[in-house]
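Protein chains in written order, with the numbering used here: chain A, 1 to 474; chain B, 1 to 499.
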């Protein structure tokens, strides 16, 4: 058996010491009627066979296209040092630092991660990690409810659709209600939060609001009037939850700067591979007065009996293993290694490098916008964006499908995730990062020109592409 | 440096000097941000560390050396299954085809990963005896929440709105009651029977039209198989409730007990325990959930589907309206699931059965070796872990489980889980796993015998332990009363960045 240290002689000696004749006797407690008889699974692979099998499966995926797909998960350059350090077995084969005397490595890295993210978000307290951006956002909303003892949150539809769906699932249990804040439907601020509508929702005295949840940049890539949203939320006694993207915070206004009480977001852009959705890093941060409401582990600095500086998990009375049914969340296993990856990534890039990543993404996106407009795909919105934006093309799904055949992953057809919003039915959400090359942009523009010319919106090529696109829906 | 003690490491903030580091990505000029309104920009640059790459490497390598880990030694942390993490699994998850695949890539670009996930679902269904499996949950507790939210949806779909309670034995993991609360249920805690098992009579008395579900850990957190499981499951279903199994201890019973076949309606599987994906210093893991017929319609989306032509795809938005919805963004913690898949294929059906046999064999062997050294409250054969207790030792010498645990550190071991389960006084939950050699188990038992002898001869040695660790016992009270949760004295980077 792979990985087993026990020889048949060892097994015999153990059985003799225990005083049983066979391993079967050790399972005698399993009632006869409940006994299973083996597993119908394939036979073991040797490591040679296994590596070949895995290489073949990985090879069935296509990761060679010029990709403009972001929508909550972003391609970035990850310095080689990040993965080299993550492969230290002392980090990745340890567990939760329950014994601080022999876990200072993990504890200090978490403390440093908390400090770095506090600096990036402009907030005071950062949890050691949550599962991903979606669950961190749901936990942030629940936290706002606990802190205000209210049971209604207002959520922007321009928060990532998966986050809103997750929030709805999490809310199903607790009697908490999530209402949508309308977006402005026309004019220069189209696609951003409708402040007048938000104010009206907040003024419903019979249904007081615990928290207002808005993303910046929004899922549509737009920058939101965060300071104004915060003022309106606070005037109504609600907390303001900002959904953030951490790389952008190297250049964009921070939640602390615009007055958010809680920030939640996806930490994947900080050096974590795309890996088809995870493992990622749920970021959850808050202002100091909310520290006893925040779910998830926290690491604090203290001293040992000899007065040496040391780190330890703290404020544990919030957690499930201590408080059981009264805990602030059921979270136990978190994403510590992903938080470590983020910390190493930030350390490798430094403040200027992180700013360069964000700024270079913005620069490449501006070049992409220019090229796509010239190729016949104008922007859907007019407000400022950082590195992701929506463009209009006739029959977005068919064009997306056609471009795929031309080697371009043309972002996300927004109609797939906003089926109700007619203004987004013919929109593609595209993004650029520092790894987007000029050649990628030129190839996208050329392919788009060719695609738009060949289909012309009505021809047989377009219809065929649309029909085959059905298999690729999300 | 403010640290005394030569094994400690300065914080990365103390290592920072303006001007160090860089040259990882090209530097665009500040003009590229001119198109963004000034009030949308960060008012001052982030005060993040500036270190050179060699310093960065030493920082993290030195920090790693302050950790105890499975790769460095014996880690018998009960209920956590700290088994060896095969290196090929790390290699596999890093293959470019897996690691660089975007979660929203169209199905046609993702056939390899989708096939792997589909095959993994099938394997986990076979192992758990369940009808279907969702790979979406990110951890065991997340799986529990997924399961209990499905239970809630099931009862509501039948118009049964009165079921507001979840019954949990008092020996359960803390995540069980915390999950029930999060899913909107009231937890009813049921005392254990004197033999450590579930008290079926107490359960019967508590079961009724208000019971939505019963959450049972099997084998239990005491490392015992629930001998009266049949009676309990019958009673649960008679009351119209559903049975949820916390599968944290599945490593004991692969191929010998399948929760689905036994009658459980849902089970979560901690792949970071049973299927050897690394614990990562606290995570990430993954907590797939298997369900029986009754809960299948409510599985979270998106599921992985195989088309009649053999191709794979993810379920589309709104395709299955009975679903409880999403539990997270995207499909799941795929990188973790690749590792679990690799582990399952390396062992195969026969190997997984042997894993459980050897885990149970090792636990019973170590239990035998420790009998007479410590209290071993439950004498019958254990599964993959067992409870020992320092209760007599404490009565005799004043030495508590905590002291024994800390002294184990001096002997080069990670302590077992202590003071859990809550139902046993001075508990130590010891789980050797199948990964440990006979010599390691013997040496651990010898160390424990020496510590117990020290407790009588030199109790102060134990009270003050550990002595040979990077730091000694910590002031946790001050840490909680005056929380210091972030480094305050960070120096500012030059802002704006020089062009």
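In this text, a Cβ means the ideal position worked out from N, Cα and C, and glycines have one as well.
From a predicted model like this one, the values you see are computed outputs, not experimental measurements.
For residue 30(A) and residue 39(A), the rounded distance between their alpha carbons: In this model, residue 39(A) and residue 30(A) are separated by some 17 Å (Cα to Cα).
Are three or more beta carbon pairs between the stretch 213-228 of chain A and the stretch 180-200 of chain A nearer than 8 Å? Touching, yes.
Is the Cβ of residue 389(A) closer than 9 Å to any Cβ of chain B? Among the residues facing chain B, residue 389(A) is not included, as its CB has no counterpart in that chain under 9 Å away.
Would you verify that the beta carbon of residue 437(B) is, or is not, closer than 9 Å to some beta carbon of chain A? Yes, residue 437(B) counts as interfacial toward chain A.
Can you check whether the CB of residue 412(B) is closer than 9 Å to the CB of residue 44(A)? Pairing residue 44(A) with residue 412(B) gives a Cβ-Cβ distance that is not under 9 Å.
Which value, in whole angstroms, describes the spacing of the CA atoms of residue 43(B) and residue 118(A)? Cα atoms of residue 43(B) and residue 118(A): separation of roughly 15 Å, rounded to the nearest angstrom.
Would you say residue 350(B) reaches chain A, if we count a Cβ-Cβ gap shorter than 9 Å as a contact? In terms of beta-carbon proximity, residue 350(B) lines the interface with chain A, with at least one pair separated by less than 9 Å.
What residue does the alpha helix (DSSP H) around residue 356(B) start on, and which one ends it? From DSSP, the alpha helix (DSSP H) with residue 356(B) extends over 334-370.
Go through its chain and collect everything with a Cβ distance to residue 257(A)'s Cβ below 6 Å, but skip five positions before and after it. Correct list, in chain order: 122.
Check whether the Cβ atoms of residue 332(B) and residue 459(B) sit closer than 9 Å, and answer yes or no. Against a cut-off of 9 Å, the Cβ pair of residue 459(B) and residue 332(B) comes out as no contact.
Taking only the alpha-carbon atoms, compute the straight-line gap between residue 485(B) and residue 61(A) and give it to the nearest angstrom. If I take the Cα positions, the gap works out to 42 Å.
Starting from residue 236(B) and walking both ways along the alpha helix (DSSP H), at which residues does that stretch end? Note, residue 236(B): alpha helix (DSSP H), 229-238.
Run through the stretch 358-407 of chain A for me and flag every whole beta strand (DSSP E) of 3 or more residues, listed as ranges in chain order. Listed in chain order, the complete beta strand (DSSP E) runs (minimum 3 residues) inside the stretch 358-407 of chain A are 388-392.
Report yes or no: do the stretch 366-375 of chain A and the stretch 174-194 of chain B share at least 3 C-beta pairs separated by less than 8 Å? Proximity of the stretch 366-375 of chain A to the stretch 174-194 of chain B falls short of the contact definition, fewer than three beta-carbon pairs being nearer than 8 Å.
At a CB-CB cut-off below 9 Å, which residues of chain A make contact with residue 47(B)? Neighbourhood of residue 47(B) in chain A, by CB distance below 9 Å: 119 and 351, in chain order.
Would you call residue 328(B) buried or exposed, if buried means 16 or more other Cβ atoms sit within 10 Å of its Cβ? Residue 328(B) is buried by the Cβ-count criterion.
For a cutoff of 9 Å on Cβ pairs, would you count residue 480(B) as touching chain A? So, interface residue.
Under 9 Å between beta-carbons, which chain A residues line up against residue 192(B)? List them in chain order, please. Contact of residue 192(B) with chain A by beta-carbon distance below 9 Å is absent, the smallest such distance being about 15 Å.
Of the listed residues 345(A), 64(A) and 248(A), nearest to residue 53(B) (C-alpha basis): Here the closest residue by C-alpha is 345(A).
Just how far apart, CA to CA, sit residue 449(A) and residue 436(A)? Straight-line Cα distance between these residues: approximately 19 Å.
Could you please tell me which residues of the stretch 205-233 of chain B, in chain order, have their CB closer than 8 Å to any CB of chain A? Contact annotation: in the stretch 205-233 of chain B, residues whose CB is within less than 8 Å of a CB in chain A are 224, 225, 227, 229 and 230.
In three-state DSSP terms, what is residue 131(A)? Coil at residue 131(A), not helix or strand.
What residues in the stretch 292-316 of chain A bring their beta carbon closer than 9 Å to a beta carbon of chain B? Those residues of the stretch 292-316 of chain A that come within reach of chain B (Cβ to Cβ, closer than 9 Å) are 297, 298, 299, 300, 301, 302, 303, 304, 305, 306, 307, 308, 309, 310, 311, 312, 313, 314, 315 and 316.
Contacts of residue 150(B) in chain A (Cβ-Cβ under 8 Å): Residues of chain A with a Cβ closer than 8 Å to the Cβ of residue 150(B) do not exist; the shortest Cβ-Cβ separation is about 10 Å.
Could you check whether residue 286(B) and residue 244(B) sit closer than 9 Å to each other, using their CB atoms as the reference points? The answer is no: Cβ separation not under 9 Å.
DSSP beta-bridge partners of residue 440(A): According to DSSP, which records beta bridges pairwise, residue 440(A) is partnered with nothing at all.
Is the beta carbon of residue 409(A) less than 9 Å from the beta carbon of residue 77(A)? No, these two residues do not count as a Cβ contact at 9 Å.
Measuring CB atoms only, is the stretch 243-259 of chain A touching the stretch 269-285 of chain A, in the sense that at least three cross pairs come out at less than 8 Å? Flag = yes, the stretch 243-259 of chain A and the stretch 269-285 of chain A touch.
Any C-beta of chain A within less than 8 Å: which residues of the stretch 89-106 of chain B qualify? Listed in sequence order: 90, 91, 92, 93, 94, 95, 96, 97, 98, 99, 100, 101, 102, 103, 104, 105 and 106.
Strictly below 7 Å CB to CB, what residues from chain A border residue 372(B)? Those do not exist, as residue 372(B) stays about 13 Å from chain A at its closest Cβ, beyond 7 Å.
Starting from residue 179(A), follow its DSSP beta bridges and name the residues at the other end. In the DSSP assignment, residue 179(A) forms a beta bridge with 154(A).
Once DSSP output is grouped into helix, strand and coil, what is the label at residue 199(B)? Annotated three-state conformation of residue 199(B) is coil, per DSSP.
Cα-Cα, which of 296(B), 93(B) and 198(B) is closest to residue 131(B)? Of 296(B), 93(B) and 198(B), the smallest CA-CA separation from residue 131(B) is found for 296(B).
If you check the beta carbons only, do residue 192(B) and residue 168(B) fall under 9 Å apart? No, the Cβ-Cβ distance between residue 192(B) and residue 168(B) is not below 9 Å.
Check whether the stretch 295-314 of chain B and the stretch 100-114 of chain B are in contact - that is, three or more C-beta pairs closer than 8 Å. Because the criterion of three Cβ pairs below 8 Å is met, the stretch 295-314 of chain B and the stretch 100-114 of chain B touch.
By Cβ distance below 6 Å, which residues in the same chain neighbour residue 277(B) in space, the five residues on each side in sequence not counted? Residues of the same chain with a CB within less than 6 Å of the CB of residue 277(B), apart from the 5 flanking positions on each side, are 271, 336, 339 and 340 in chain order.
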